[in-house]
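Trainee: Residue numbering for the sequence shown is 3 to 67, as defined by this note's numbering.
This is the structure I have questions about; it appears just below.
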Amino acid sequence: MTDTLRWQKSTYSDGGEGNTCVELAASPCGMHLRESDEPETALTATPTAMSHLLHAIRLDFSRRT
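Structure, rendered in structure tokens:
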């Protein structure tokens, strides 16, 4: 299933074609999150749950910098 999704790279990625980024895709069954270097492994959640997860990650990241 992860091959048929339209993946979008994070704006925080280095912008190159390398595998150092996080990608997000939407489908009728939810939102999907994966790392570029492990494309066969993806986390799937409802849009609300994914939003909460991403918000928590951003909050934690901002506290560390």
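Glycine included, every Cβ here is placed at the ideal spot set by N, Cα and C.
The structure displayed is predicted, hence computed values, not measured ones.
Which same chain residues end up closer than 6 Å to TRP9 when comparing Cβ atoms and leaving out the 5 residues on each side of it in sequence?
Mentor: Numbered from its first residue, the sequence shown carries residue 9 at position 7. Only GLU25, ALA27 meet the Cβ criterion.
Trainee: Are the CB atoms of GLU44 and LEU56 nearer to each other than 8 Å?
Mentor: Here residue 44 corresponds to residue number 42 of the sequence shown, with the count starting at 1. Here residue 56 corresponds to residue number 54 of the sequence shown, with the count starting at 1. The sequence given here has Ala at residue 44, not Glu. ALA44 is not a Cβ neighbour of LEU56, given a cutoff of 8 Å.
Trainee: Is THR50 closer than 8 Å to CYS31 when the C-beta atoms are compared?
Mentor: Stepping through the sequence shown from its first residue, residue 31 is reached at position 29. Stepping through the sequence shown from its first residue, residue 50 is reached at position 48. No, the Cβ-Cβ distance between CYS31 and THR50 is not below 8 Å.
Trainee: What did DSSP end up calling LEU55 once you bin it into helix, strand or coil?
Mentor: Reading the sequence shown from its first residue, position 53 is the one you call residue 55. The answer is helix: DSSP assigns LEU55 an H, G or I state.
Trainee: Across which residues does DSSP place ARG60 in a beta bridge pair?
Mentor: Counting from one through the sequence shown, the residue named residue 60 turns up at place 58. Its beta-bridge partners do not exist; DSSP assigns none.
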